[in-house]
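S.K.:
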Amino acid sequence: MAHLSINKYRQVSVNNVQDMTPYEQVNLIFVNIIGKLAAAKGSIERKEIEKKGNNISVCISLIGALQDALNMDDGGEISANLASLYEYCQYKLVNANVNNDIEGLLEVSSIIKNIKEGWEAIPQDIRQNDQAQVAAG
Numbered sequence: 034m035a036h037l038s039i040n041k042y043r044q045v046s047v048n049n050v051q052d053m054t055p056y057e058q059v060n061l062i063f064v065n066i067i068g069k070l071a072a073a074k075g076s077i078e079r080k081e082i083e084k085k086g087n088n089i090s091v092c093i094s095l096i097g098a099l100q101d102a103l104n105m106d107d108g109g110e111i112s113a114n115l116a117s118l119y120e121y122c123q124y125k126l127v128n129a130n131v132n133n134d135i136e137g138l139l140e141v142s143s144i145i146k147n148i149k150e151g152w153e154a155i156p157q158d159i160r161q162n163d164q165a166q167v168a169a170g
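Under the numbering used here, the residues of the sequence shown are numbered 34 to 170, in order.
1. Which two residues bound the contiguous alpha helix (DSSP H) that contains Ile144?
2. How would you label Ser76, buried or exposed, when you count the other beta carbons within 10 angstroms and need 16 or more for buried?
3. If you follow the alpha helix (DSSP H) that Asn104 is in, where does it begin and where does it stop?
4. Is the beta carbon of Ile67 closer than 7 Å to that of Ile145?
5. Considering Pro55, what are the terminal residues of the alpha helix (DSSP H) in which it resides?
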């Protein structure tokens with residue numbers, strides 16, 4: 034019975050993400066990265082090496098998803114700068130994983146939070162315009 038409940042929950046979660054706008058999906062990625070970084074920090078403090086590694090791996094993958102979402106053709110300098118920041122964050126996370134470096138995690142968290150703040154500052158009309166362009170295909 035519990036197995037069925039878990040599967041139903043997963044299905045609802047996937048459907049909810051599919052119903053999100055691209056803006057909301059990217060924002061969810063930022064939220065998840067920040068949460069996993071906090072969890073990785075706690076894992077280092079508690080010497081839970083496997084959990085630390087898993088949380089950092091998820092962060093690296095999520096940052097990769099952000100990189101993949103960049104529009105390098107139309108995004109110009111902003112996309113290029115974000116790509117460099119994301120690459121730097123992944124580098125810092127690999128080092129933080131190997132060296133149990135809490136400061137590295139905090140640095141990446143700060144960078145991601147700053148990018149997220151910029152993302153959240155996008156005016157509503159621009160978000161809706163971009164969504165309409167995506168829907169138009």
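Each residue gets a CB set at the ideal place from its N, CA and C atoms; glycine is no exception.
M.R.: Considering the structure as presented:
1. Its alpha helix (DSSP H) spans residues 135-153.
2. With 16 or more neighbouring CB atoms inside 10 Å of its own CB, Ser76 falls in the buried class.
3. Looking at the DSSP string, Asn104 is not in any alpha helix (DSSP H), and its letter there is neither H nor E.
4. Yes. Within cutoff.
5. 55-78 is the span of the alpha helix (DSSP H), which, as asked, contains Pro55.
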